[in-house]
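Asks:
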C-alpha cells in the first residue's frame, strides 16, 4: 500500500535546550496529523531547558506518532557519557547545562527519567522521503548514500557544506549554525543558531516556506 503523502513535510533545526523558541515555533507552524514532522537532532546542551524540550518532544510524539526524531552529535555525546565514555567532550560542549536541567551534578549519576533514556536511544541517524534525505550533520562527499558512516552523519561539517557533490537527493541537515537558511542545489541547512543567534527555524520542504522564531519576537 502506498504511503499517503503528507500535507506538509516540516523539518526543524537544532533546538539546544531553547524551550521558549520551540514553543513559539510550534505555535506558529501549528502541525497537524496530516503533516510529517522531522526534527534534525541536537535537542539538548548549551541552552537552559533541555529536560523540558525533551518533555515537549515526547508530547509531540504521543500526539503525532509518525514524527521523526534524528540523533544529533549532542545526543550521541550524552549517550557516550552515560556509558562512561568521553565525559569531557560532553561536559565541554554544553552537557553541564543539560545535567543542570535534570537537577543532576557532574559527579553523580544523572537523574534522567526512563522515558527520556528510551527516547535518546531510539533516535535514528537518517530519514528518507521522496527526493530528500534528512541527517543531522551531512554526508561524506564522493560516497554514495548507502556507504555513509554514522559518524559523518552526526559530525561532518566543512567538507560537506563546501561540496557540490550530487547524492541523488537533497540533503536536509542541521548541526552547522548559519545566519539564515542555507540553500544550495544539493542541500538545505536549517540550523540557524537557536542557542547562538536566538533563532529557530522550520521549513516545509514541499513549498519552501520558512518559519523563524527569534528571541526578539518575545
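Numbering (my numbering), first residue to last: 331 to 548.
Yeah, the Cβ is synthetic: ideal placement off N, Cα and C, and Gly gets one too.
Every value quoted in this text rests on a predicted model; they were computed, and no experiment measured them.
Work out the CA separation of residue 517 and residue 488 for me, nearest whole Å.
Replies: Along the chain shown, one-based indexing puts residue 488 at 158. Along the chain shown, one-based indexing puts residue 517 at 187. Each residue's alpha carbon lies about 13 Å from the other.
Asks: State yes or no: is the C-beta of residue 403 within less than 8 Å of the C-beta of residue 467?
Replies: For this step, residue 403 is matched to residue 73 along the chain shown. For this step, residue 467 is matched to residue 137 along the chain shown. Yes.
Asks: By the DSSP assignment, the beta strand (DSSP E) with residue 541 in it spans what residues?
Replies: Here residue 541 corresponds to residue number 211 of the chain shown, with the count starting at 1. Note, residue 541: beta strand (DSSP E), 540 to 544.
Asks: The alpha helix (DSSP H) with residue 381 in it runs from where to where?
Replies: Taking the first residue of the chain shown as position 1, residue 381 is located at position 51. Segment 380 to 393, the alpha helix (DSSP H) holding residue 381.
Asks: Using three-state DSSP, classify residue 458 as helix, strand or coil.
Replies: In the chain shown, counting from the first residue as 1, residue 458 sits at position 128. Note: residue 458 maps to strand in three-state DSSP.
Asks: Which same chain residues, not among the five before or five after residue 416, have their C-beta less than 8 Å away from its C-beta?
Replies: One-based indexing of the chain shown puts residue 416 at position 86. Here the set comprises 407, 410.
Asks: Name the residue from 334, 475, 367 whose alpha carbon lies nearest to the alpha carbon of residue 535.
Replies: Indexing the chain shown from 1 puts residue 535 at position 205. For the residues 334, 475, 367, the minimum Cα distance to residue 535 belongs to 367.
Asks: Could you check where the alpha helix (DSSP H) with residue 335 kicks off and where it finishes?
Replies: On the chain shown, residue 335 is found 5 positions in, with the first residue counted as 1. Careful: residue 335 lies outside any alpha helix (DSSP H) and carries neither H nor E.
Asks: Does DSSP put residue 367 in a helix, in a strand, or in coil?
Replies: As a working note, residue 367 is residue 37 in the chain shown. If DSSP states are grouped into helix, strand and coil, residue 367 belongs with the strands.
Asks: With DSSP as the reference, identify every bridge partner of residue 517, one or two as the case may be.
Replies: Working through the chain shown from its first residue, we reach residue 517 at position 187. Residue 517 is bridged to 501, 514.
Asks: On the DSSP letters alone, give me the boundaries of the alpha helix (DSSP H) that residue 529 sits inside.
Replies: Counted from its first residue, the chain shown places residue 529 at position 199. Taken as a continuous stretch (DSSP letters only), residue 529 belongs to no alpha helix (DSSP H), being part of the beta strand (DSSP E) at 529 to 534.
Asks: According to the Cβ coordinates, are residue 455 and residue 476 closer than 8 Å?
Replies: As a position in the chain shown, residue 455 is number 125, starting the count at 1. As a position in the chain shown, residue 476 is number 146, starting the count at 1. Their beta carbons are not under 8 Å apart, which means residue 455 does not touch residue 476 by this criterion.
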